[in-house]
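So the sequences go chain by chain: W and C. Note that UniProt numbering has the first sequence beginning at 1, numbered continuously upward. Note that UniProt numbering has the second sequence beginning at 1, numbered continuously upward. Glycine residues also receive a C-beta, built at the ideal position from the N, C-alpha and C atoms.
Protein chains: 2
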Amino acid sequence: MLRRIFPFLTWSRHYTRADLSNDLIAAAVVTIMLIPQGMAYAMLAGLPPQAGLYGAMLPLLLYAAFGTSRALAVGPVAVVALMTAAAAGAVAQTGTEGYHLAALWLALLSGGMMLALGLFRLGFVANFLSHPVISGFITAAGILIAASQLRHILGADVSGKTLPHLVPSLLSNLGQTSIPTVVLSAVVLGFLFWSRAGLARLLQGLGFSAPLAKLLGKTALLVAVVTSTFVVWIFGLDSRGVAVLGDVPRGLPAFGLPAFDAGLIQMLLAPAAMIAIVGYVESISIAQTLAAKKRQSVDPDRELVALGLANLGAGVSNAMPVTGGLSRSIVNYDAGAATPAAGAMTAISIAMALMVLTPFMYFLPRATLAAIIIVAVLSLLDFRALPRIWAYSRADGAAMAATMLFTVLLGVEQGLIAGVGLSLALFLYRTSRPHMAVLGQVPGTEHFRNIDRHDVVTDPQVFSIRVDESLYFPNARALEDRVVQALSDRPALRHVVLQCAAVNYIDASALESLESVNERLHTAGVQFHLSEVKGPVMDRLARSNFLRELTGQIFLTQFDAMIALAPGLTSACRNRDRCETRRASGH
Amino acid sequence: MLRRIFPFLTWSRHYTRADLSNDLIAAAVVTIMLIPQGMAYAMLAGLPPQAGLYGAMLPLLLYAAFGTSRALAVGPVAVVALMTAAAAGAVAQTGTEGYHLAALWLALLSGGMMLALGLFRLGFVANFLSHPVISGFITAAGILIAASQLRHILGADVSGKTLPHLVPSLLSNLGQTSIPTVVLSAVVLGFLFWSRAGLARLLQGLGFSAPLAKLLGKTALLVAVVTSTFVVWIFGLDSRGVAVLGDVPRGLPAFGLPAFDAGLIQMLLAPAAMIAIVGYVESISIAQTLAAKKRQSVDPDRELVALGLANLGAGVSNAMPVTGGLSRSIVNYDAGAATPAAGAMTAISIAMALMVLTPFMYFLPRATLAAIIIVAVLSLLDFRALPRIWAYSRADGAAMAATMLFTVLLGVEQGLIAGVGLSLALFLYRTSRPHMAVLGQVPGTEHFRNIDRHDVVTDPQVFSIRVDESLYFPNARALEDRVVQALSDRPALRHVVLQCAAVNYIDASALESLESVNERLHTAGVQFHLSEVKGPVMDRLARSNFLRELTGQIFLTQFDAMIALAPGLTSACRNRDRCETRRASGH
């Protein structure tokens with residue numbers, strides 16, 4: 001029981017010296033990435049840099065204690081930082097007390113929601129965010145994130161949360177561009193792009209072993225940060241228009257609940273729910289992908305609990321909303337992280353950095369952090385997904401396009417709502433119009449196929465229909481209409497057979513429709529039969545009056561039905577020529 | 001083409017003398033019911049009595065020209081009148097100009113919506129009102145309607161649109177009860193209840209033929225109206241506290257568009273949509289039931305067009321929203337209405353009544369109209385439906401109970417929204433958790449069944465799973481989780497087979513999940529196979545990269561898959577004893 005609640009009780013019992021050394025290496029590499037990324041994502045969220053570093057401490061310890069993934073690296077991530085900025089920016093001015101308070105409450109609320117979803121095993125709600133909607137959302141969010149960093153890259157006052165605000169702002173403020181900032185940005189961006197593949201290759205060329213070169217390649221962020229900070233300090237670029245980070249408070253965060261404000265909390269409920277769902281979906285797919293590589297598994301509901309506690313931890317330690325991040329998790333996995341202890345060690349390293357390194361961050365140029373953000377999010381952009389998904393399914397493509405458009409034009413929350421709303425509407429639309437096939441017998445066999453697609457024989461007295469969908473209220477009437485239509489089209493009709501092989505469920509509306517079909521057919525002197533009804537469906541029907549009122553029979557197979565209802569047809573069909581004749585007369 | 005638009009061009013070509021006489025008789029009987037009912041439902045809607053009579057003129061002519069049902073009797077009906085009262089009462093005080101204006105705009109807006117839904121063939125949206133929700137709504141509306149008539153039955157000032165308002169009002173105003181009104185109400189109610197079966201029986205006893213006695217039995221409403229009016233006039237009861245109808249304007253209505261008010265229209269959009277959907281659903285089910293009895297059919301989309309035009313007609317003739325009514329349609333059918341011309345003749349009779357009879361309506365007691373309403377709606381109440389539906393399906397029962405409770409406690413619109421919302425939520429919940437069965441082979445056969453339910457054999461290297469639902473975003477991850485779980489549970493696993501016989505559709509999210517399953521299994525050295533994939537599903541998969549990336553094969557049948565992947569098992573199974581051994585070792 002205790003072990004179910006605290007997964008670390010399981011893995012810590014077999015913790016070996018090799019595990020320790022693997023976890024230490026992984027923690028070191030992740031820390032080197034996390035210090036600049038944490039500060040960069042805090043900047044993206046409109047928060048002071050330390051909020052990102054605090055988000056890499058207590059949340060990581062909590063996740064290490066409760067999480068079930070061995071490789072997931074929790075902390076500030078770009079998309080959640082953007083959503084935090086959008087939500088906090090809607091209730092307060094960036095940089096104000098109220099803004100920071102909103103960010104803390106977003107962490108607490110989304111954490112509380114994740115925790116509740118996990119405890120009540122409601123993680124399935126995340127499934128309503130379909131893959132195309134997530135994919136479109138992340139690409140659109142990536143565009144917004146990259147665009148929002150133009151102000152730091154150019155050193156100009158470009159602002160706005162959506163493209164219709166960002167673009168005019170960019171055009172009208174382009175004149176303010178600071179040349180030293182642009183040059184610095186260009187150098188850092190160029191270095192970071194090159195380093196993604198080039199640095200490891202260079203190190204390998206210098207004689208390092210391939211795995212070590214790959215690990216050292218991950219220090220590119222650190223190299224960029226240290227070098228650019230040094231350059232700004234040496235050449236006094238901060239007095240020539242290059243914006244620097246300034247004072248970062250030294251030491252650990254103050255712990256405690258943020259000020260309570262009922263009105264604020266009410267306004268943040270909806271965005272917090274979206275942050276909870278998006279954060280969870282991002283995190284769980286990373287965790288599952290990495291776990292599968294080692295034939296391990298993660299428990300979605302316990303992941304929700306762990307992420308929820310991590311966010312609650314962020315909320316009480318002056319941090320920002322967190323979740324599992326893709327790039328750091330892959331690095332963590334590649335570096336050999338053996339257990340969640342790697343995350344705890346990362347948290348301790350970040351704490352030490354906060355106590356020792358913050359004075360050296362004064363001259364860190366904001367342009368470097370912006371470049372780090374841009375390089376990180378460009379890997380999120382996937383423009384080929386839209387045509388691929390559109391080609392596979394128009395409905396999914398439309399939902400994805402709507403998500404992207406609404407996100408870049410109106411904002412992240414509007415984009416998510418539009419995407420989820422449209423995908424649900426299209427889903428309901430599809431189930432409301434099920435595929436139905438009128439069946440005929442493939443001559444000489446026991447098989448029955450769609451009369452529109454196959455060369456089959458039918459009997460004018462028997463109308464056999466197959467519905468390729470469960471029968472429930474959105475489509476109940478469709479079957480009713482189809483059968484009533486057949487009744488008025490076919491004067492010779494004596495029997496209607498509903499083939500139920502693809503029907504997994506019949507709800508009360510569909511049951512009433514079937515009763516009504518039975519009643520209407522009865523009034524017109526026609527019998528109603530079912531064939532190939534599944535066990536669970538039959539169990540449920542037995543609880544109603546339907547089976548007693550049914551004018552016809554329940555046949556085990558469609559062939560049994562035809563033997564009983566159209567014996568002439570089935571015997572005739574052993575002779576193919578006569579079948580053809582019957583068929584012709586049957587139309 | 002013209003005939004598709006004007007169905008009367010079809011039936012009028014073969015119109016016989018017999019048709020004419022049948023239609024005339026039906027029109028006469030329906031008119032006799034419609035005059036008191038029209039005035040009564042106008043009173044229920046909070047409108048002057050002539051609004052109900054006007055609603056039985058132009059709308060009937062328009063329906064006769066465009067409708068496809070030969071028996072449907074259009075006009076004011078109780079549930080729509082209640083919804084009109086609720087919507088108009090929310091924007092204006094009963095009896096004011098603004099109130100009547102709101103009722104006219106409700107007719108125009110709901111008519112326009114029906115017309116648009118019909119022209120764009122969007123009638124399927126009505127399917128989202130599930131049968132249990134409609135049934136619960138109509139019973140709850142019946143309770144509210146009956147309760148709202150207590151003021152007229154008692155002659156006391158009882159008001160309120162929901163039970164929490166009606167009940168206290170009833171208790172506090174019970175002292176005002178007018179004894180002559182209560183006595184009159186009791187006599188009329190008693191007579192109407194008795195007449196439902198007793199009058200026809202009495203007439204038959206007096207020597208009338210059975211069909212004629214049944215027809216004359218329908219005059220009970222007229223008898224009640226005429227007699228009670230006469231009694232009030234003779235005994236001067238109007239001066240003793242019995243409320244009478246007063247002046248009803250003589251002659252035809254003024255035609256024309258009501259005053260335009262953008263703010264009012266915006267507030268009425270949502271209730272008008274609900275009136276359109278509820279009105280359509282009530283009407284189409286009556287029309288289809290009556291049509292099926294004669295092996296005729298009605299076209300749902302053209303019915304929407306005809307009902308839409310009827311309501312637009314109501315809106316421009318000072319009437320009230322209309323739809324097809326159950327009781328009058330049955331009378332119309334029983335009386336032998338042969339064509340929609342019966343409706344047109346009814347409209348003409350009503351027009352004549354308006355020109356001649358209105359002066360005689362002055363002393364018509366409101367209590368009589370209230371009694372007519374109560375007797376009509378009591379037949380709508382169906383309290384046995386809830387336990388029956390609950391026994392069949394908890395989800396449907398819950399949606400029905402929610403609809404009833406919200407309707408009587410909070411109002412008609414809230415009830416409908418709660419019912420539709422809950423049924424959609426439960427539907428989505430169910431599809432998000434599909435039934436999945438791990439399959440084993442029934443020894444000695446080609447059949448595969450759930451290992452939890454049947455005595456089957458399995459191979460530890462092969463994991464076969466069947467999903468009893470189409471694969472789409474709400475449930476895509478469920479399959480992924482299940483397979484990933486199997487991967488970590490079964491160290492010997494070499495093959496996973498997904499049996500797709502019940503999968504009618506795979507959307508882009510599910511496709512990505514399958515790709516991810518394929519990828520994860522591949523990483524772990526396990527092959528992924530599909531079996532029994534349906535044609536349309538296969539066509540769609542062929543448009544993606546999935547079939548190229550699939551590590552395993554697509555098998556026509558599950559048996560083919562097992563022959564290829566576990567040949568030892570399938571051959572061993574011809575000997576039942578060895579199968580048992582395999583089975584034991586496979587667990």
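Under 8 Å Cβ to Cβ from residue i, same chain only, skipping five residues before and after it: list those, please.
i	result
Val533/C	Cys500, Val503, Leu541, Ile554
Ala220/C	Phe191, Leu192, Ser195, Arg196, Leu199
Leu424/W	Phe128
Phe6/C	Ala65, Phe66
Taking the beta carbon of residue i as the centre, do at least 16 other beta carbons fall within 10 Å, making it buried, or is it exposed?
i	result
Gly207/W	exposed
Trp194/C	exposed
Gly142/W	buried
Lys293/W	exposed
Arg3/W	exposed
residue 656/C	The requested residue 656/C does not occur in the structure, where chain C is confined to residues 1 to 587.
Gly236/C	exposed
Hey, is residue i's beta-carbon within less than 8 Å of any beta-carbon in chain W?
i	result
Ala81/C	no
Phe137/C	no
Ser130/C	yes
Leu487/C	yes
Arg494/C	no
Pro340/C	no
Thr523/C	yes
Lys293/C	yes
Gln296/C	yes
Ser283/C	no
Is DSSP giving residue i helix, strand or coil here?
i	result
residue 605/C	Limits of chain C in this structure are 1 at one end and 587 at the other, which puts residue 605/C out of reach.
Gln485/C	helix
Ala86/W	helix
Pro300/W	helix
Gln266/W	helix
Leu498/W	strand
Met436/W	strand
Gly75/W	strand
Thr323/W	strand
His529/W	strand
Glu580/C	A caution first: Glu580/C carries a pLDDT of 41, below 50, which makes its placement in the model too unreliable to give a value.
Ile451/W	coil
Take residue i and list the residues in its own chain whose beta-carbon comes closer than 7 Å to its own, dropping the five residues that flank it on each side.
i	result
Ala337/W	Asn22, Asp23, Ala26, Arg70, Ala71
Glu515/W	Phe546, Glu549
Thr368/W	Val188, Ala224, Val225, Ser228
Could you tell me whether the Cβ of residue i comes closer than 8 Å to any Cβ of chain C?
i	result
Leu70/W	At residue 70/W the sequence reads Arg, which differs from the Leu that was named. Taking Cβ atoms only, chain C never reaches closer than 8 Å to Arg70/W, which makes this a no.
Phe427/W	yes
Asn518/W	no
Ile389/W	yes
Asp301/W	no
Asn332/W	no
Asp396/W	yes
Gln288/W	yes
His435/W	yes
Leaving out five residues on either side along the sequence, give the residues of the same chain with a beta carbon under 6 Å from the beta carbon of residue i.
i	result
Ala243/C	Arg366
residue 590/W	It is not possible to answer for residue 590/W, since the shown part of chain W is limited to 1 through 587.
Closer than 9 Å between beta carbons: that is the criterion. Which residues of the region 461-485 of chain C meet it against chain W?
Asp468, Glu469, Ser470, Tyr472, Phe473, Pro474, Asn475, Ala476, Arg477, Ala478, Glu480, Asp481, Val484, Gln485
Using Cβ-Cβ distances below 8 Å, what residues of the region 150-175 of chain C are close to chain W?
none
Residues of the region 223-257 of chain W with Cβ closer than 9 Å to any Cβ of chain C, in chain order
none
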